[in-house]
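Report on the following structure.
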Amino acid sequence: MAPKKAAEKAGKSPKKAPAKKEKKEKDPNAPKRPLSAYMYFASDKRVEMKKSDPSLSLGEVGKATGAAWKELSDKEKEPYQKKADKDKARYEKEKAAYEKK
């Protein structure tokens, strides 16, 4: 005989897992979301880090880029913020055109 679970021993019925929600199907024609300033920075920094030390794991690179981003001043973050603002404007424009369809 199999050992009983604590809920069964106490006379309670075991909880059932909630039914999984069906994922909403993504439209392949929908515009891609804009990248943040940090993501532009991370993509640049990731390339540099991998060149300097190819043995770094993905997690180590992520931690190092996060720490480097925190150390940047607002002035140093400005070029990445400009890229992000430009990408956001592109997204808003494409989203408006997409929603009209």
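First residue of the sequence shown? That's 1 in full-length UniProt numbering, and the numbers climb one at a time after it.
Beta carbons: idealized from backbone N, C-alpha and C, even for Gly.
Own chain partners of residue i with C-beta closer than 7 Å, once the 5 adjacent residues on each side are dropped
i, result
"A64", "M49"
"Y91", "P31, R33 and P34"
"Y80", "A37, Y40 and F41"
"S43", "none"
C-alpha distance - residue i paired with residue j, whole-angstrom precision
i, j, result
"E71", "A19", "44 Å"
"G59", "K77", "22 Å"
"A96", "K26", "17 Å"
Contact check, residue i vs residue j, beta carbons under 8 Å
i, j, result
"Y98", "P31", "yes"
"A68", "K45", "yes"
Cβ shell of residue i (< 6 Å), same chain only, five flanking positions each side left out
i, result
"E94", "P31"
Meets three-Cβ-pair contact criterion under 8 Å: the segment 28-42 and the segment 80-99: Put simply, the segment 28-42 touches the segment 80-99. At least three CB pairs are less than 8 Å apart.
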